[in-house]
Amino acid sequence: MTEPHAGEKSARGERIMNAIGFGLIGVCFVISLCQVFVTAFRSRLDDTPVVRIAHWQLEAGIRQGIDRLAEEYEKALAEKGKKVKIEQLPIPERIYGNWLLTKLVGGEAPEIVEIRAEIANVDRLARFFTPLTRYLDEPNPYNAGTPLEGKPWRDTFLDALQGTVTYSKELLDYYAVGFNMFTSRVYYNKELFAEIMGPDAVLPRTFDEFVALCEATQAFGKRTGRTVVPIAGSKYTAPILIQRLMTNQTQKLKIALETKYDLRPSEEDLALAYLEGKWSLRDPDIQSGLSLLNGVGRHMTKGFTQLQREDSAFAFLQGRALMILTGSWDVKSLTEETTFPVGVFPLPLPTQHDAKYGAFAFGQVSEAAVGTGTPFALPRDGKNFDVALDFLKFATSYHGNRIFAEESGWIPAVAKVPVPERVQAFKPIVEGFDSGFDLNLGPEHKISYTQNQYLVFEEFEPLRRFTEKQEQDSRDALLMDSKRRLKDHARNAQRFDSPLGALMWLRSQRPGDRELERKIVEILGRQNGIEIVLYESGERLDAVKP
Amino acid sequence: MALPISKRKALAEWKLYLFVVPSLAMILTFSYFPAFSAVYHSFYDWRGGDSKEWVGAENFERAAMDSQLGYAFVVVFILIIANLFKMVPSIAMAVVIHRLKSEKWQYWYRVLLVVPMIVPGLVTLFIWKFFFDPNFGPLNAILDVTGLKAGLIWLDAHLLGWDVFAEGRPIPWLSSPHLIVPSMIIWGFPWIGAVGVLIFLAGLQSIGTDVYEAADLDGVTPFQKFLYIEFPLILTQVRLMLILMMIGTLQGFGLQLLLLGPEGGPSGAGMVPGLYMYNRAFSAGEFGYACAIGMILFVFILVLTFINNKYVRVQK
Chain A
1261 MTEPHAGEKS ARGERIMNAI GFGLIGVCFV ISLCQVFVTA FRSRLDDTPV
1311 VRIAHWQLEA GIRQGIDRLA EEYEKALAEK GKKVKIEQLP IPERIYGNWL
1361 LTKLVGGEAP EIVEIRAEIA NVDRLARFFT PLTRYLDEPN PYNAGTPLEG
1411 KPWRDTFLDA LQGTVTYSKE LLDYYAVGFN MFTSRVYYNK ELFAEIMGPD
1461 AVLPRTFDEF VALCEATQAF GKRTGRTVVP IAGSKYTAPI LIQRLMTNQT
1511 QKLKIALETK YDLRPSEEDL ALAYLEGKWS LRDPDIQSGL SLLNGVGRHM
1561 TKGFTQLQRE DSAFAFLQGR ALMILTGSWD VKSLTEETTF PVGVFPLPLP
1611 TQHDAKYGAF AFGQVSEAAV GTGTPFALPR DGKNFDVALD FLKFATSYHG
1661 NRIFAEESGW IPAVAKVPVP ERVQAFKPIV EGFDSGFDLN LGPEHKISYT
1711 QNQYLVFEEF EPLRRFTEKQ EQDSRDALLM DSKRRLKDHA RNAQRFDSPL
1761 GALMWLRSQR PGDRELERKI VEILGRQNGI EIVLYESGER LDAVKP
Chain B
1180 MALPISKRKA LAEWKLYLFV VPSLAMILTF SYFPAFSAVY HSFYDWRGGD
1230 SKEWVGAENF ERAAMDSQLG YAFVVVFILI IANLFKMVPS IAMAVVIHRL
1280 KSEKWQYWYR VLLVVPMIVP GLVTLFIWKF FFDPNFGPLN AILDVTGLKA
1330 GLIWLDAHLL GWDVFAEGRP IPWLSSPHLI VPSMIIWGFP WIGAVGVLIF
1380 LAGLQSIGTD VYEAADLDGV TPFQKFLYIE FPLILTQVRL MLILMMIGTL
1430 QGFGLQLLLL GPEGGPSGAG MVPGLYMYNR AFSAGEFGYA CAIGMILFVF
1480 ILVLTFINNK YVRVQK
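In order, the protein sequence lines correspond to chains A and B.
Each position in the first sequence, counted from 1, maps to that position plus 1260 in our numbering.
Each position in the second sequence, counted from 1, maps to that position plus 1179 in our numbering.
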């Protein structure tokens, strides 16, 4: 008779457990539903303008810097009786590009977004972002009472926003403003340096001394049995080194290829010059650059081409690497997370006196041309455009940029703003020569170059193997890039037709309107500029042998 | 089974069909619309946004001549064949669990298999990325300690000629083009997937004990039991897993994207069609061409599924 009773108990127990399970699901569902409705209705009832600012800068200090800016801005507006909310959207770098593109295409982009060259090419800039030129021509009202009062907003930036991302040469418009400047330096472990080189050793000032330091580090590792590499390498930090070394060896070649007398052959010019046979990968300058890369690459973490950014950072932070070459954006992360003191020094590059590499270099590359970083643009579809623009003006005013620099530890982008103590060593070194060029000459070429780069760091005949492989890919890649650029130019020139047509019709209705005339001349000028580039590049590409 | 009803009665009960409408609307919006949009855009030179230019079949013609896409299909077919062999450990595991005499232990082994499923797939990928680390990864350490690396060095010197295995040099699993495909095959060792094991186990548990008793009487060995009894009777499950595996392998690129990046690693050695599609869309900005690649991939999957349905028959 106990069996049925046990069975009944078990069935009842199961019913109770099921009821608890369903009850939990129900409660969670009700809570979620309430949260959704409360948030939805709160945002509908609350008419406070919200400005969302999206970026990928997850390094230490940046989010705090932007939060502080947001706080100060909201306070400043509250004093004037206005309410506004600034929300930060930090998105991991790896997915930021795709995330932003999806938002732009879907018409749901935040009001302020950080951009970079790969994300905001000419086509996307023209389609998705608002030109800021006319706003930059006027003084920034938040600079009143400061040394920058009365100056056009554009001229208050250290580089006058002449960077390739903030200003589009093709569209002849400004599209973004930067919050700071970046330079790159070699961070080193002071304790380990003293262990390897002795307590009184001085930092390397020449390229040969730098190589000697790397070799001494490797010898130290072998002697003591410790796993120590000279330079922590990864897929992320290697391109910085590659770019510095390659552009050092192509300084003279770049001048030789220059045709427009502006000392700035564009990627398009260089790509066309390659297709026209004016330079090749077998040129001694390029070969010397590759040799330099191979030489320095031997001192980086083995297999670094498969390592991620965090791998190289960990190697340095854990004392397994003496040095790491990265930017001022990592200063807070790398100096505050370590158990040892960290120093920085500029990467010494071969000068024209260098016995092996001097033939192709002028010398140390000047950082005078370093543009503002962390460029923020305003998507066309963003709501609350006026507030977003106003916030950007606040953030890049004398006071705003000082707040940001102090909080983030980054170099300010605005003139006369004091550089925080911890990044004094990162202040741009303006003495030196213009840089050369590297082999990132377009999206397709960059893909093939990235795929073949591992050959440069192999042990067996690296230069020959890389040159042969890259030569097979370069021509087709550069042709594709050049044809795509031509299509972009044509499309961008065409974009001006509608506003031109509208303005010309208006002129017929309002003859003598000087403002209209000015706009027509300006837009015609821009369109003509693009068309000149279009026809010139088109002629050059047509002349290229198939 | 539902009994057929007359058209008149069905039309009279039209209000009941309204219950299907919300689900149908969601499927049309989130499944069919993106697919039709992809078909539409595959005939355009589309860079995202509104600007697009009609190019007709040019994207498909280009895909037919694209050597990198061709290579990507070669890689993915290698992975399909490897994954075919990688189904064997799951089947073996299911058979072993099924043959356990204790039901309690059968239950606990099933639990032990399922528990790792709570770890997100991305975390597993990151762990494997660490395994492949040339300097600190356990894989290289195990090869060193067990002496297997010496065997690989010998193989490389006498047979392969890759120059990737050498004394005193860490094995660059993800930075040498020769080792990329082997790395993708090694990934997931010991290749015992919980879902696969559970599906096979469900099939095995439907086999009656009388079959085993008859086999015992006939003196059938354990391996013969597997070959002549268990395997034929779980062929339905094997076929299902085969289809899922082929579709998953053809479409998948998360592993390659995380381990190798959008370029597919050194020399693009790890490029698979899904990753190439991603690369074209997000690295090169050629969304229209990426849609065309998606269409080609769809046709491949359709053809493979058709072949599988037609030729992998289940003897009932």
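Ideal Cβ placement from N, Cα and C applies to all residues, glycine included.
Within its own chain, the residues whose Cβ lies closer than 6 Å to the Cβ of Cys1474/A, once the five positions on either side in sequence are excluded, are Pro1490, His1559, listed in chain order. Residue pairing of Tyr1714/A in beta bridges, as defined by DSSP: absent, with no partner found. Distance from the CA of Pro1499/A to the CA of Leu1248/B, rounded to the nearest whole angstrom, comes to 27 Å. Counting every other CB atom within 10 Å of its CB across the protein chains shown gives Gln1509/A a total of 16 or more, marking it as buried.
As for any beta strand (DSSP E) of minimum length 3 sitting wholly inside the region 1548-1605 of chain A, the runs are 1581-1587, 1602-1605, ordered along the chain.
Here Arg1580/A is buried, its C-beta having at least 16 other C-beta atoms within 10 Å. Within the same chain, Leu1582 come within 6 Å of Leu1452/A by CB-CB distance, once the 5 residues on both sides are set aside. For Leu1203/B, the enclosing alpha helix (DSSP H) has its first and last residue at 1200-1206. Counting C-beta pairs closer than 8 Å gives three or more between the region 1436-1451 of chain A and the region 1668-1677 of chain A, which meets the contact rule. For Pro1313/B, the closest Cβ of chain A is nearer than 7 Å. At a cut-off of 7 Å between beta carbons, Gln1317/A makes no contact with chain B. Using beta-carbon distances, Pro1759/A does not count as an interface residue toward chain B, since no partner is under 7 Å. In this chain, the alpha helix (DSSP H) harbouring Phe1212/B covers 1212-1220.
Between Gln1285/B and Leu1279/B, the C-beta gap is smaller than 7 Å, which places the two residues in contact. By the C-beta criterion, the region 1639-1647 of chain A is judged not to be in contact with the region 1692-1710 of chain A, since fewer than 3 inter-stretch pairs fall below 8 Å. Residue pairing by DSSP places Lys1231/B opposite Trp1225/B in a beta bridge. At a beta-carbon threshold of 9 Å, the residues of chain B lying near Phe1720/A are Asp1342, ordered along the chain. Taking CB atoms only, Gly1563/A has a neighbour in chain B less than 7 Å away.
DSSP, read as helix, strand or coil, puts Ala1685/A in helix. For the pair Ile1502/A and Val1294/B, the Cα-to-Cα distance works out to about 45 Å. Cα atoms of Ile1350/B and Leu1338/B: separation of roughly 17 Å, rounded to the nearest angstrom.
Annotation: the continuous beta strand (DSSP E) that includes Val1489/A extends over 1489-1491. Scanning chain B for C-beta atoms nearer than 7 Å to the C-beta of Arg1751/A yields Ser1230, reported in chain order. C-alpha of Arg1483/A to C-alpha of Ala1476/A: approximately 10 Å in a straight line.
In the DSSP annotation of this structure, the continuous segment of the alpha helix (DSSP H) that includes Gln1787/A starts and ends at 1774-1803. For Ser1362/B, the uninterrupted alpha helix (DSSP H) segment begins and ends at 1356-1365.
Taken through DSSP and simplified to helix, strand or coil, Pro1369/B comes out as coil. Restricting attention to Ser1444/A, Val1716/A, Tyr1795/A, the CA atom closest to the CA of Ser1548/A is found in Val1716/A. Gln1511/A sits in a helix when the DSSP states are folded into three classes.
If you look at Ile1270/B, you'll find it in the alpha helix (DSSP H) that goes 1266-1278.
The beta carbon of Phe1470/A lies closer than 6 Å to those of Pro1464, Pro1608 in the same chain, with the five residues before and after it left out. With a cut-off of 8 Å on Cβ pairs, the region 1646-1655 of chain A is in contact with the region 1358-1373 of chain A, counting three or more such pairs.
For Phe1344/B, the secondary structure class from DSSP, reduced to helix, strand or coil, is coil. Leu1353/B reaches chain A at Gln1566, counting residues in chain order whose Cβ is nearer than 7 Å. No Cβ of chain B is located within less than 7 Å of the beta carbon of Gln1730/A. In chain order, Leu1517, Phe1697, Leu1701 place their CB closer than 7 Å to the CB of Leu1530/A, counting only its own chain and leaving out the 5 sequence neighbours on each side.
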